[in-house]
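For reference, the structure discussed in these notes is given below.
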Amino acid sequence: PATWMLEVIGAGTGNTGIKPDYAKAYISSPLCRMNKERLRYEFLAPERANDPLFDSPIESPTLIQNGRRSESFNMQDLSQLQTPMRKVIWLENRKLDTQNITNLESPEARRIYKQILYLVIRNMKTYWRTPEFTLSRLVVILVIGTLITTTYWQQSYESAADIQSRINAIMFMMMLTAAYNLFTIMPFQIEKRALIYREISSGMYWITASVLSDGIVEIPYLIAETLVGVNIVYWGVGFQDSDTAYFYYTITFFIYLYFMTALGMFLAILLPDALSAQLVATVVIQIFQLFAGVIVPLDKLPYYYKPMYWVSAQHYAGEAIITTQFHHDNTRICNPSGVVIDNPPWWAFAVKGKFCSEDGRFNGFKKFTGIVETAEEFIYNSDTAFLHGYKFENKDFDLFVLLCLCLVLRLFTGVAAMFINYNKR
């Protein structure tokens, strides 16, 4: 490989007129024999697992070289093969040679789960050796979580403005973390895209294995991001102290994070470079936010934009976490503002606990600043709710839709990888 690299980059000692055939040299090299032995060993995994000869000691072992038995066994041969002795002994006792296995080097001769396993192992090493990508995500989520927590520390709410501020606190952490993952995964995936193209075209593994392994390797990192982000903000801001609310916030956070990461992987395959992918991602994020039902509630959307409400992934994530946070929340708030009147004069007892004023005292029927509602009624459980269209009963359906969207994105990524190739020679 070193000689070939020097020749390609023009760093050779001169033009000798000799053009070596590197493919032919590799076929006759010990490295080729080693790779064939390793492939054969992995290919026969089911038989090896049930064969007692695999672990049995055998004296005077022999090697299989170039399809023939070699009675001369020495450590130099073993070092060239780079395989444990028991593997070589087992292959010899099976009396198998390379010619007996049809099309060993083709992807069809290798099982998909083995391809995925080795690709996941390789990707895990790549992630571990790229701390500027993996560690930066945890650092950013830690910083964002700390800022949100200190801004909304143990927040209380008494008015409509306070409720809207709390909704922002609930949504900010998930939205910012997901957007950061989306924008960082695209250049990372595009950087290694050329390598994947070459390896797939060489028949090293299937596209399906590559796509699945990319999705699997992200899971532990997304779990770490979820646990760090959720637990910093959830208890610091003082969200609802309920097992159900905490569970739905955590699981929705994770699924939405995975969805946005999968979206980034899809755009990295679909578009030619990182700049165009990030431009499209920016538009997609704005559409998700605009039609999520928070900035503009469903009943205020023009009829021709209402389908966008059902397409927005953020709508499903927001509905799941917001409705569970305010379910059975009977905190009294003043809509739109003021302080609840709890001690009116005896002759105005009808306004007690139902109306608000600037200072919480009864100053006349024309001095009311708002009416009293519970937080649940104000958010979603009334005809005039702030988030009209959001329903607590939809929380499980929301999670199901998010999971389906993740699966659809992974499917589209695989299809795009099959038919789109921006690799240039």
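Note that our numbering has the sequence shown beginning at 1, numbered continuously upward. We put the beta carbon where it would ideally sit given N, CA and C, even for glycine.
Cβ atoms of residue j and residue i: under 8 Å apart, would you say?
i	j	result
Phe188	Phe133	yes
Phe247	Met174	no
Met288	Cys406	It should be pointed out that residue 288 corresponds to Phe in this sequence rather than to Met. No, the pair does not count as a contact, with Cβ atoms beyond the cut-off.
Asp243	Ala320	no
Tyr390	Ile322	yes
Ser159	Ser337	yes
Lys354	Ile371	yes
Ala317	Tyr256	yes
Tyr127	Tyr205	no
Val217	Val120	yes
Tyr26	Pro272	no
Tyr157	Arg166	yes
His431	Gly293	Outside the displayed range of the chain (1 to 425) lies residue 431, so it cannot be described from this structure.
Val233	Thr149	yes
Ala360	Val340	Strictly speaking, residue 360 in this sequence is Gly, with Ala absent from that position. Yes.
Ala277	Arg193	no
Ile116	Leu212	yes
Gly414	Thr130	no
Phe362	Pro344	yes
Phe455	Tyr309	Past the edges of the chain, shown from 1 to 425, lies residue 455, and the structure says nothing about it.
Gly455	Ala281	This structure leaves residue 455 out entirely; the chain is present only between 1 and 425.
Residue range of the alpha helix (DSSP H) that residue i falls in?
i	result
Pro307	Lys306 to Val311
Phe355	Not the alpha helix (DSSP H): Phe355 falls in the beta strand (DSSP E), residues Phe355 to Ser357.
Thr126	Ile112 to Trp128
Ile251	Asp243 to Leu270
Arg361	First-last for Arg361: undefined, no H or E at that position.
Ile185	Ala160 to Glu191
Gln289	Ala274 to Leu290
Glu132	Pro131 to Thr151
Ser210	Ile207 to Val237
Ile27	Tyr22 to Ile27
How close, in whole Å, do the beta carbons of residue i and residue j come, if the pair is a contact with beta carbons under 8 Å?
i	j	result
Thr324	Tyr380	That pair is no contact at about 11 Å.
Trp153	Val228	About 18 Å separates the two Cβ atoms, so there is no contact after all.
Glu225	Ile144	Actually they are not in contact, since the Cβ atoms of Glu225 and Ile144 sit about 11 Å apart, beyond 8 Å.
Ala313	Leu403	Rounded, the Cβ-Cβ distance is 11 Å, inconsistent with contact.
Gln240	Asp329	7 Å
Ser210	Ile200	7 Å
Shorter than 8 Å from the beta carbon of residue i to some beta carbon of chain D?
i	result
Gly203	Structure shown: chain D not included; a single protein chain is present.
On the CB-based measure, 16 or more other CB atoms within 10 Å of its CB, does residue i come out buried or exposed?
i	result
Ile190	buried
Ala417	buried
Asn335	buried
Thr177	buried
Tyr113	exposed
Ile219	exposed
Lys24	exposed
Val311	exposed
Ile196	buried
Asp396	exposed
Glu376	buried
Lys366	exposed
Leu411	exposed
Ile163	buried
Val230	buried
Phe37	The sequence given here places Glu at residue 37; Phe does not occur at that position. It is buried - the Cβ of Glu37 has at least 16 other Cβ atoms within 10 Å.
Asp214	buried
Leu409	buried
Ser60	Because the pLDDT at Ser60 is just 39, under 50, the model does not fix this residue reliably, and the point stays unresolved.
Phe419	exposed
Leu275	exposed
Glu393	exposed
Leu91	Its pLDDT being 48, under 50, Leu91 is placed unreliably in this model, and the value from its coordinates should be taken loosely. The residue is buried, with at least 16 neighbouring Cβ atoms inside 10 Å.
Leu279	exposed
Phe486	There is no way to answer for residue 486, as the model of the chain reaches only from 1 to 425.
Arg198	exposed
Thr146	exposed
Lys306	exposed
May I ask which residues mark the beginning and end of the beta strand (DSSP E) holding residue i?
i	result
Ile420	First-last for Ile420: undefined, no H or E at that position.
Val372	Gly370 to Thr374
Ile333	Arg332 to Pro336
Quiz item: If we count Cβ pairs, one from each stretch, closer than 8 Å, do we get three or more for the region 380-395 versus the region 178-188?
Solution: At 8 Å Cβ cutoff, the stretches do not touch.
Quiz item: Three or more C-beta pairs closer than 8 Å, one from the region 347-364 and one from the region 294-302: is that the case here?
Solution: Touching, no.
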